[in-house]
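The structure appears right after this line, and notes come after that.
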Amino acid sequence: MAKAAIMARSATAGDGALADAGGPALRDDKDNSSNMNRREARQPRIAIADLAREAEAAQTVGDFTATDPVITVRGCNVWYGETHALRDINLDIGRNEVIALIGPSGCGKSTFIRCLNRMNDTIETARVSGEFRMHGEDIYDRKTDVVLLRARVGMVFQKPNPFPKSIYENVAYGPRLHGLAANRAELDEIVHSSLRRAGLWDEVKDRLEEPGTGLSGGQQQRLCIARTIAVSPEVILMDEPCSALDPIATARIEDLIDELSQNYAIAIVTHSMQQAARVSRRTAYFHLGRLVEVDATDKVFTNPGHKLTEDYVTGRFG
Amino acid sequence: MQFETLLLILVAMTVASFVLGRQRAVAVAGRCGGIRALHSLPKYYGYYAAICCALPGLALLLLWLGLADRVVVERVVDSLPAELRELPEAQRSLLVNDIKNIAAGQFVDPGKREELAVAAELYLSLKDSSRRILSGLIVLLGFVGFGWSWLRLRPELRARNRVESVARIGLALASTLAIFTTIGIVASVLFEALRFFDRIPVSEFLFGLTWSPQTALRADQVGSSGAFGAVPLFAGTALISLIAMTVALPIGLMTAIYLSEYASRRVRAWVKPALEVLAGVPTVVYGYFAALTVAPLLRGFGQSLGLDVASESALGAGLVMGIMIIPFVSSLSDDVINAVPQAMRDGSLGLGATHSETIKRVVIPAALPGIVGGALLAVSRAIGETMIVVMAAGLAANLTVNPLEAVTTVTVQIVTLLVGDQEFDSAKTLAAFALGLVLFVVTLLLNIIALQVVRRYREQYE
Ligand SMILES: Nc1ncnc2c1ncn2[C@@H]1O[C@H](COP(=O)(O)OP(=O)(O)O)[C@@H](O)[C@H]1O
Ligand SMILES: [Mg+2]
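Read top to bottom, the protein sequences are chains W and Z. Note that the first sequence covers residues 1 to 318 in the numbering used here. Note that the second sequence covers residues 1001 to 1462 in the numbering used here.
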C-alpha cells in the first residue's frame, strides 16, 4: 500500500502550510467574536472564490493515520448525482479514540461518516468510491453483510429519533433483531446495562414501559445512544448529537462520550469548537468536500497547519 | 322587467360604481397631496363603492326570492270564494298548484272551475307587479348605496379594511353553505324516516330477520303484509364489505409499501397514475365488469369444483368492489407511510435492521393508526357503494354468511324501493329513507372515528 508515500506527501504539504501559520490560541466562542472583529480590522475577508481555489489545491495537512486503526479510509469519493460531495479523503479511526469532524455546513462531514456504515446505500443518487476497511476487511465488498456492519458501526443522529415504542422496546430493538439474547432475562440484562452505560438508568428505571417519545430531548438522545450500544458496536458514529439539545443535556452527552471512549471508537460531527476540544483526541477539518487538516485536537485548535483551518477555528468564516 | 335584464343592470351599476369610486378617490387624493394621502389604494375605494351599490340590492333580491311567492299566493287565496278558501290545507295546496299551472299556460283538467282562471289572472298580475317593484327597489338601493359611498369617500376612510371584512364575510358564508346543505339533507332523511317509524316500530326494523317490503294494493293479496326487518340487508352489506376489504386492505397496503419504500422513482411515476386511473373508473363500469365478467368466471370455476355459485354471488360483487377500493387504500396508506419520518427508518437501519425488518417493526407500527383510519374510510366507502352491488349483488334478501350465495345490500334496496312509480307515503317507499338514515349514521360514525384516528396520528409527528 502507498500509505508511506501519502504520508510523506502530506507531511511536506503540512510543513509548507505550517511555516506561514500564525498559531492563534484556542478560545471560547465569546472571545471568538471579538477576535474575529480584531482580525477583520486587520485584513479584509477572504473571498469565497479564493477559498475554493485554496481548498482545490489542498493536500491533507497533518497525520491522517491512527496507531491502532479500526477503520481505514483511502481515496474516498462520493457523488450525489452530479454533485461531488467528497474528494479523495484519507482518514483512519483508531481504537478507543474520539475523533471530531468539524467544518462549515455542507462540507461533507455527514456524508463521510455515513460512508462508514454504508448508510449512503439508502440514498438513491449517492455513489461511493474508494477503499474502506474495518480491521482490514473491505466494508464495500459485495460479500460484506451490511446488516452486520451496521451493528458493528452504530450511529447516533442529529435529531433524537427514538422509535414510537416503549423505552424498553427501543433499547431491546437491536438485540432482538440480531438475536443477542437467548431469553427474557438476558434481554433485560442487556437493556438495563445499556441504559446504565448511557447514563439514563436512574431517570427511567421506573418507567421502562412508557413510550420513548415522551422523554425530554436530552433523555431521548441518551436513549438513542443506549439503543446503539445495546448491540455492542465497536465504532459509534455521532452526527451532531447535541445540536438539538440545551446546554445541560449537551454537557451530559459530552460526559457520556468521555466514558464511552474507553470502550468504543467514536467519530463525532460537531459544529461546536468547544465541544470538539472537550471530547476529542483528534480533530479533522473538512472544507468543501476535502479533508483539509487532521491532527491532535490541541494542535488543530492552538496551532493549525492550514490557513483554512485557522480561519475556521478562529471564527473567521463557517 | 326580465330577471336577466335586472341582473345585467345591477352588474353594470356595480362596475360603474367601481370606476366612479376609484376616480373620485384619485380626484380627492389629488386635492390633498397625492395618492399617498389616501388611507388605501384608489382601487379599494372603487371596491367599496361597488359593494355599497350592489350588496343591499343583492340582499333584497335574496329576501324577495324567499318571500315574494308566498305573499302573492296568500293574496290569491284570499281572493278565492269562501268555500274554496275554507278547504283543508292539503287540498288547498293542490288548488294553488292548479292555479299556478293555469297561469303557466299548462294543460289543466277542463272540469276545473271558472274561479281558478280568475285566480290565475290575479296571480299573474301580482307576480308581474312584484317583479316590477323588486326591480325598482334594487336600482334605487344601488343609487342610494353608491351615493352614500360617494359622500363618505374621504382620504381617511379605511376602504381597504372595509373591503377586507366584506370579503371575509363572503368567504364564511360560502363555507357554511355546504354545512347547511348537509343539515338539510339529514333533516329531510330524518323526517321521512320518522314517518316510516310511525308505521313500523324501530325495533322491528333494526332487529327483524325478514325483509320483504311489499305493501298490498288489495287487502286480500298474497304476502300483503310487508316485512321490514333490515337485518338481512345489514348482513349482506357487511358480508360484501368484508369481502371487499379482504381484497383491498392487503393488496392496497402492499402496493403502498412497495411504492413508498421500494419502488424507484421511475416505477412510481408509472404506477401511481395507473392507480389513479383505476380510481377514476366509473363504478357503473365496475358493475358491468362484476356482472358480466367476474360473476360468470366465478360460477364456472365453482362448477368445476362442484360448488354451486349463485350467478349474483356476494363474492363477485365483493371482489370487484375490493378492486375498486384498492387505489383508495393504497393512496391513503402511501400518505401515512410517507409521513413516517425518514429519521425513524435511519434509526432502524443504523442498528442493522434490514429494509423489510424496518418496515415491519418500525414503519408499519408507526403508521398503523393512519392505516387503520384509512381502512375505516375505505369501509365506509364500501358500505355506501351502490352501483356495483346494484348490478352484481342481486335482490334476494338472504340472511347468510355464505359468499357464494346471492345477498342484497342496503344501497341496492334503497334503489329498488325508489325506482319506478311510487306512492310517496307508503311504508315501502318510506323504508328507503329509514335505510338511508342508517347508512348515513353508520358511515358518519366511521368517518368521524377514522378522521379522529388519523388526526391523532398526524399530531404524533408534528
Ligand atoms: N441526499 C443528498 N442528495 C443530494 N445531495 C446531498 C445529499 N446529502 C448531502 N448532499 C450534498 O452533499 C454535500 C455534503 O453534505 P453533508 O455531508 O450533509 O454536509 P455536512 O454534514 O458537512 O453539513 C452538500 O453539498 C449537500 O448539499
Ligand atoms: Mg451534516
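For every residue, glycine included, the Cβ atom is placed at its ideal position computed from N, Cα and C. Predicted, not measured: the structure shown is a model, and the values here were computed from it.
For Phe-132/W, no chain Z residue has a C-beta closer than 7 angstroms to its own C-beta; the minimum C-beta separation is roughly 17 angstroms. By the rule that beta-carbons nearer than 7 angstroms mark a contact, Val-269/W does not touch chain Z.
For Phe-163/W, the closest Cβ of chain Z is nearer than 7 angstroms.
By the rule that beta-carbons nearer than 7 angstroms mark a contact, Gly-1347/Z touches chain W.
Taking 7 angstroms as the cut-off, the beta carbon of Ala-296/W is found closer than this to the beta carbon of Arg-282/W. Runs of beta strand (DSSP E) with 3 or more residues, each lying fully within the segment 113–150 of chain W, are found at 126–134, listed in chain order. At least one heavy atom of ligand 1 is found less than 6 angstroms from the C-beta of Cys-107/W. Rounded to the nearest angstrom, the gap between the Cα atoms of Arg-150/W and Ile-1449/Z is 41 angstroms.
Residue nearest to Lys-1127/Z within the set Val-1454/Z, Phe-1003/Z and Ser-1175/Z is Phe-1003/Z (criterion: CA-CA distance). When Cβ pairs closer than 8 angstroms are counted between the two stretches, the segment 1225–1233 of chain Z is seen not to touch the segment 1297–1309 of chain Z, the count staying below three. Taking a Cβ-Cβ threshold of 8 angstroms, the residues of chain W close to Ala-1366/Z are Phe-163 and Pro-164, in chain order.
Beta-bridge analysis with DSSP links Phe-1228/Z to Trp-1211/Z. Exclusion of the five residues before and after Thr-1237/Z leaves Ile-1383, Thr-1409, Val-1410 and Thr-1411 as the residues of its chain whose Cβ lies within less than 8 angstroms of its Cβ.
In this structure, Gly-1145/Z sits near Pro-1056/Z, with a CB-CB distance shorter than 7 angstroms. For Glu-293/W, the secondary structure class from DSSP, reduced to helix, strand or coil, is strand. In the DSSP assignment, Asn-183/W forms no beta bridge with any residue. Take the alpha-carbon of Leu-1439/Z and the one of Leu-1177/Z: they are about 23 angstroms apart. In this structure, the beta-carbon distance from Ala-1119/Z to Ile-1099/Z falls below 7 angstroms. When DSSP states are grouped into helix, strand and coil, His-1039/Z belongs to the coil group.
Within the segment 1301–1369 of chain Z, no complete beta strand (DSSP E) segment of 3 residues or longer occurs. In the DSSP assignment, Ala-267/W is bridged to Ile-99/W and Leu-237/W. In the DSSP assignment, Ala-85/W falls outside any alpha helix (DSSP H) and lies within the beta strand (DSSP E) extending over 83–94. About 16 angstroms separates the CB atoms of Trp-1211/Z and Ala-1193/Z; that is not less than 8 angstroms, and the two are not in contact. A straight-line Cα-Cα distance of about 25 angstroms links Thr-125/W and Ala-1274/Z. Under the 7 angstroms criterion on CB atoms, Lys-159/W is classed as interfacial with respect to chain Z. Shown in chain order are the members of the segment 112–132 of chain W whose Cβ falls below 8 angstroms from a Cβ of chain Z: Asn-117, Met-119, Thr-122 and Glu-124. A distance below 7 angstroms between beta-carbons, with the five flanking residues on each side excluded, links Glu-254/W to the following residues of its chain, in chain order: Gln-275, Arg-278 and Val-279.
One Cα belongs to Gly-1300/Z, the other to Val-1390/Z, and the distance between them is close to 22 angstroms. Per DSSP, the beta bridge partners of Thr-72/W are Asp-92/W and Arg-133/W. With the criterion set as a beta carbon lying under 8 angstroms from some beta carbon of chain Z, the members of the segment 226–240 of chain W are Arg-227, Thr-228 and Val-231, in sequence order. A direct Cα-to-Cα measurement between Phe-1197/Z and Met-1245/Z gives close to 32 angstroms.
Look at Ala-151/W: its C-beta is under 7 angstroms from a C-beta on chain Z. According to the DSSP assignment, His-287/W belongs to the beta strand (DSSP E) that extends over 282–287. For Glu-1357/Z, the C-beta contacts it makes with chain W under 9 angstroms involve Val-147 and Leu-177, in order along the chain. Straight across, the Cα-Cα distance linking Gly-315/W with Thr-309/W is about 10 angstroms. Apart from sequence neighbours up to five positions away, the residues of its chain that approach Ala-1291/Z with a beta-carbon distance below 6 angstroms are Met-1391 and Ala-1392, ordered along the chain.
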